[in-house]
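Single-structure report; data block below.
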Amino acid sequence: MHKALLIDPHKCTSCMQCELACSFEHTGAFNPARSRIKIFEFEHGARSIPYTCTQCEEAWCLHACPVEAITVNLATGAKEVDANVCVGCKVCTIACPFGTINYSADTGKVVKCDLCGGNPQCAEACPTGAITYVDASWTGLARMQASAVAAHGQPGA
Amino acid sequence: MGWQRRVLRVDLTAGTSAVEPLNMEWANAYLGERGLASKYLMESMDPKVDALSPENALIFATGPLTGTMASTSGRYAVVTKGPLTGAIACSNSGGKFGAELKFAGYDLLIVHGRSERPVYLHIADDEVVIADAAPVWGTSCWNTEEWLKAHHQDPLLKVASIGVAGESLVRYACVVNDLHRAAGRSGVGAVMGSKQLKAVAVRGTKGVTVEDPKRFMSAVAQTKAKLWDDPGRRGLEKYGTNAMIDNMHGFGGLPTRNSQQVQFEGTTKINARAMRATGEDGHRNLVTNKACFGCTIACGRIAKINPTHFTIVNRKEYRHASGGLEYETAFAFGAECGIDDIDALTFANFIMNEQGMDPISFGGTLAAAMELYEMGVITDADTDGVPLEFGNAEALTIMAEKTGRFEGFGRVLGLGSKRLAEKYGRPEVSITIKGQEIPGYDARALQGMGLGYATSPRGACHMKHDVFEEDMDDVSGNGKAKPCKDSQDRIAAVDSTGLCWFTTSAWGLEEFAVQVDAACEGEWTAARLTEVGERTFNLERRFNLAAGLTSADDTLPKRFLRTPAPSGTAEGKVNELSVMLPAYYRERGWTSDGVPTNETLSRLRV
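So the protein sequences, as listed, match chains A and B.
If you're matching positions, the first sequence starts at 1 in the numbering used here and goes up one per residue.
If you're matching positions, the second sequence starts at 158 in the numbering used here and goes up one per residue.
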């Protein structure tokens with residue numbers, strides 16, 4: 001069973017702990033500039049939305065890579081970049097429709113979310129539950145349940 | 158580790174910048190942020206110079222935990238000599254700017270001199286440029302931040318700026334970062350304006366590392382869980398700081414109508430519940446809560462003004478969400494000015510953030526002007542025809558804008574309460590300590606708070622001591638000296654870490670110590686942090702004595718010392734400062750004139 005990152009923007013307070021945890025996991029430093037998950041603020045700070053790779057099944061980045069540096073981790077389903085193979089051509093960054101794979105000028109390679117090998121640190125760090133790691137086939141479960149609760153609570157329902 | 162070990166020093170007179178290594182002897186003695194910046198300030202300028210002269214230094218300081226995974230790691234402090242008080246000013250702020258400065262590779266940014274033309278500082282890691290600010294001079298903090306991001310084509314740029322108030326040397330102008338967070342008190346924005354420095358725009362990609370990553374992450378996880386479960390934190394998340402207003406009204410400690418009263422009948426219209434209530438027209442003041450960088454509390458308020466309200470019915474530019482009411486704003490604009498219109502309060506708060514002004518000092522100054530108006534000392538001829546009666550919501554919003562743009566009577570309000578009251582020959586009307594307006598706690602009802610006001614290095618302030626529980630238990634001056642002194646030292650230590658004081662409902666110094674110890678080299682215990690705090694407090698005292706302040710300045714407005722509280726728990730009582738102050742000096746190891754003894758200074762190695 002694969003799991004997926006589930007993001008609920010309504011719970012995000014823009015605290016950046018996901019970016020801190022992601023950069024620490026992958027670089028050993030607290031450095032949002034190197035985070036693979038980013039928080040975007042809207043409406044003068046009234047809304048905040050964490051955004052990262054959705055791990056497409058037919059991943060554009062994987063298919064575009066000319067040197068097959070991007071492979072599927074069969075245990076997690078994550079599309080992972082092998083830095084030893086990546087030549088930094090950036091074609092994957094053009095292919096990705098969502099912008100979630102990016103070139104790092106520091107390393108000369110591309111970086112993307114790798115689900116931390118099955119223990120995503122962004123979800124671990126998020127204090128409010130805006131980012132959770134759940135059954136990939138049931139990302140709608142919590143919302144479905146909330147809808148069911150709401151419907152049950154309505155008069156006559 | 159923890160520290161970046163680099164200080165960026167900018168000389169605006171010469172138009173130069175240079176990086177120097179962090180003085181580790183000072184870092185080990187003063188830790189960071191408030192403490193370390195106070196040491197650098199003391200060594201970088203003569204405390205006697207005019208606060209608004211080029212000889213004053215302006216320091217933006219992070220702490221060793223700023224930018225780390227530690228909860229509430231977004232804090233930075235602005236430390237300088239303050240133009241409101243003539244004393245050392247230390248105002249700290251959250252948001253994201255402080256962490257970004259750290260990520261760019263600097264513990265401290267020290268600004269000297271005065272530029273001949275308006276400039277801003279653009280820092281991108283090692284690239285530091287002093288750039289022409291002409292396109293944004295004369296505009297708001299909001300416009301400046303928007304322009305800088307567009308001009309540098311960098312939406313991730315973090316900006317700390319001043320508005321027209323800071324440019325115009327309004328004595329309580331603040332430094333605004335991330336649109337609605339501010340280094341708010343003591344006029345640090347006016348110092349920035351005096352240097353013709355419009356903004357500091359930073360982009361940092363270097364990151365922060367810690368000494369023992371594994372132990373640090375374990376300490377962070379434990380302290381974070383403790384903070385998350387804390388009832389105080391949950392209250393702040395849901396209600397914000399304005400939960401306090403009902404307590405203070407009920408207790409009789411809510412300064413009302415320029416502190417002539419201690420309870421405000423309009424409290425329920427401007428309290429945290431009013432912010433959360435949905436009106437018949439479907440409007441709700443509170444939109445959401447919001448966190449600063451690295452914060453597990455998320456007490457920030459994001460609010461909207463009712464679109465039908467007179468302030469914005471014809472002004473679409475203020476219909477968006479922005480920073481909402483804190484307790485101090487609700488007190489200063491609400492109770493202290495006798496105004497119960499939550500939308501007018503929220504609008505005035507937006508203007509404070511837009512033009513960079515301290516709402517506590519603005520509210521206190523307007524309240525003094527309102528009292529003078531009702532006395533007949535000030536008339537419509539002075540106030541541009543605006544009737545400055547207590548309770549006049551329109552007057553609040555008009556004067557907020559006039560002061561923010563430095564127009565008409567706003568130029569007088571920009572002097573602050575002390576100078577305004579002196580100008581009209583009625584100094585007793587100014588409810589200030591060392592020239593700074595009081596926050597929302599009456600010193601007759603909260604006696605130890607009064608002692609804290611009198612002895613705070615930056616004048617009237619509620620953020621440099623914590624005698625709250627003792628004050629609620631006993632309305633007298635008895636036994637307040639030691640908890641006041643101890644809490645001042647504790648908070649000075651917290652203010653030197655890079656973390657937020659609001660964690661202290663859940664954390665003691667032990668929780669700070671385990672995180673500092675894992676992040677920094679050397680042994681860091683709670684006892685050592687206490688020593689850093691006491692050392693810092695005594696250093697600030699030395700700065701103020703060198704600046705010319707004396708024990709005569711450790712006093713309270715006559716209203717708190719002579720006029721009994723008219724109602725509430727403290728009805729009939731005045732503040733017992735004369736009992737508390739000598740005991741406090743003894744606790745501190747200071748002479749009866751409030752001067753640290755040689756023994757105290759050598760014990761603390763100040």
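Heads up, the beta-carbon is just placed ideally off N, CA and C, and yes, glycines get one too.
Contact set between residue i and chain B, taken where Cβ atoms lie within less than 7 Å
{"i": "Phe30 (chain A)", "result": "Gly224, Thr225, Met226, Gly364, Val365"}
{"i": "Leu20 (chain A)", "result": "Met226, Gly451"}
Nearest-angstrom Cα separation, counted from residue j out to residue i
{"i": "Asp282 (chain B)", "j": "Gly392 (chain B)", "result": "38 Å"}
{"i": "Arg472 (chain B)", "j": "Trp294 (chain B)", "result": "23 Å"}
{"i": "Gly344 (chain B)", "j": "Val164 (chain B)", "result": "24 Å"}
{"i": "Lys575 (chain B)", "j": "Leu209 (chain B)", "result": "17 Å"}
{"i": "Ala157 (chain A)", "j": "Glu437 (chain B)", "result": "Any reading at Ala157 (chain A) is ruled out, since the residue's pLDDT is 48, under 50, leaving its predicted position unreliable."}
{"i": "Cys89 (chain A)", "j": "Tyr233 (chain B)", "result": "40 Å"}
{"i": "Thr654 (chain B)", "j": "Ala376 (chain B)", "result": "15 Å"}
{"i": "Gly751 (chain B)", "j": "Gln121 (chain A)", "result": "52 Å"}
{"i": "Ala64 (chain A)", "j": "Thr445 (chain B)", "result": "41 Å"}
{"i": "Tyr187 (chain B)", "j": "Pro275 (chain B)", "result": "33 Å"}
{"i": "Glu212 (chain B)", "j": "Pro240 (chain B)", "result": "13 Å"}
{"i": "Lys461 (chain B)", "j": "Tyr742 (chain B)", "result": "47 Å"}
{"i": "Pro544 (chain B)", "j": "Ala611 (chain B)", "result": "33 Å"}
{"i": "His10 (chain A)", "j": "Trp664 (chain B)", "result": "28 Å"}
{"i": "Val671 (chain B)", "j": "Asn185 (chain B)", "result": "16 Å"}
{"i": "Arg685 (chain B)", "j": "Asp643 (chain B)", "result": "14 Å"}
{"i": "Cys22 (chain A)", "j": "Glu43 (chain A)", "result": "26 Å"}
{"i": "Ala4 (chain A)", "j": "Ile131 (chain A)", "result": "10 Å"}
{"i": "Ile7 (chain A)", "j": "Cys53 (chain A)", "result": "11 Å"}
{"i": "Thr413 (chain B)", "j": "His406 (chain B)", "result": "9 Å"}
Interface partners of residue i on chain A, CB under 7 Å
{"i": "Lys447 (chain B)", "result": "Thr13, Ser14, Gly45"}
{"i": "Ile459 (chain B)", "result": "Gly45, Ala46"}
{"i": "Val444 (chain B)", "result": "Ala46"}
Strand pairing of residue i, partner residues [DSSP]
{"i": "Gly251 (chain B)", "result": "Partner(s): none; Gly251 (chain B) has no beta bridge."}
{"i": "Gln593 (chain B)", "result": "B:Ile590"}
{"i": "Ala288 (chain B)", "result": "B:Tyr277"}
{"i": "Trp747 (chain B)", "result": "B:Pro753"}
{"i": "Glu80 (chain A)", "result": "A:Thr71"}
{"i": "Pro721 (chain B)", "result": "Answer is none; Pro721 (chain B) lacks a bridge partner."}
{"i": "Tyr133 (chain A)", "result": "A:Leu5"}
{"i": "Pro178 (chain B)", "result": "B:Arg163"}
{"i": "Phe217 (chain B)", "result": "B:Val235, B:Leu266"}
{"i": "Asp168 (chain B)", "result": "B:Thr173, B:His269"}
{"i": "Ala246 (chain B)", "result": "B:Thr237"}
{"i": "Gln418 (chain B)", "result": "B:Thr413"}
Continuous beta strand (DSSP E) stretch holding residue i: start and end
{"i": "Pro370 (chain B)", "result": "Looking at the DSSP string, Pro370 (chain B) is not in any beta strand (DSSP E); the run it does join, the alpha helix (DSSP H), is 370-386."}
{"i": "Tyr103 (chain A)", "result": "102-104"}
{"i": "Val236 (chain B)", "result": "233-238"}
{"i": "Ala356 (chain B)", "result": "354-360"}
{"i": "Thr445 (chain B)", "result": "443-447"}
Within chain A, partners of residue i - CB distance below 9 Å
{"i": "Trp385 (chain B)", "result": "Pro127"}
{"i": "Ser479 (chain B)", "result": "His44, Gly45, Ala46"}
{"i": "Leu336 (chain B)", "result": "His44, Gly45"}
{"i": "Ala455 (chain B)", "result": "Thr13, Ser14, Cys15, Pro127, Thr128"}
Residue interval of the alpha helix (DSSP H) (run including residue i)
{"i": "Asp623 (chain B)", "result": "That residue, Asp623 (chain B), is in no alpha helix (DSSP H); it is neither H nor E in DSSP."}
{"i": "Lys306 (chain B)", "result": "298-308"}
{"i": "Gly457 (chain B)", "result": "From DSSP, Gly457 (chain B) is part of no alpha helix (DSSP H) but of the beta strand (DSSP E) over 457-460."}
{"i": "Ala611 (chain B)", "result": "604-612"}
{"i": "Asn635 (chain B)", "result": "From DSSP, Asn635 (chain B) is part of no alpha helix (DSSP H); its letter is neither H nor E."}
Beta-carbon neighbours of residue i, restricted to chain A and to distances below 8 Å
{"i": "Thr486 (chain B)", "result": "Simply none; closest approach about 17 Å."}
{"i": "Cys452 (chain B)", "result": "Thr13, Cys15"}
{"i": "Pro764 (chain B)", "result": "There is simply no residue 764 (chain B) to check, as chain B begins at 158 and stops at 763 in what is shown."}
{"i": "Leu314 (chain B)", "result": "By Cβ distance, chain A contributes nothing, its closest Cβ being about 12 Å from Leu314 (chain B), past 8 Å."}
Where residue i meets chain B, residues with beta-carbon distance less than 9 Å
{"i": "Leu100 (chain A)", "result": "Here residue 100 (chain A) turns out to be Thr, not Leu, going by the sequence shown. Under the 9 Å cutoff, chain B gives no residues; its nearest Cβ is about 16 Å from Thr100 (chain A)."}
{"i": "Thr132 (chain A)", "result": "Chain B residues near Thr132 (chain A): none, gap ~16 Å exceeds 9 Å."}
Where residue i meets chain B, residues with beta-carbon distance less than 8 Å
{"i": "Ser23 (chain A)", "result": "Gly364"}
{"i": "Arg34 (chain A)", "result": "Thr362, Gly364"}
**Message:** To test your reading of the DSSP string, which unbroken beta strand (DSSP E) runs of 3 or more residues are found completely within the region 24-78 of chain A?
**Reply:** 38-42, 47-51, 70-72
**Length-filtered (4 minimum) alpha helix (DSSP H) runs lying within the region 667-706 of chain B** = 683-704
**Request:** Please list the segments of the beta strand (DSSP E) lying wholly inside the region 518-590 of chain B, counting only runs of 3 or more residues, in order along the chain.
**Result:** none
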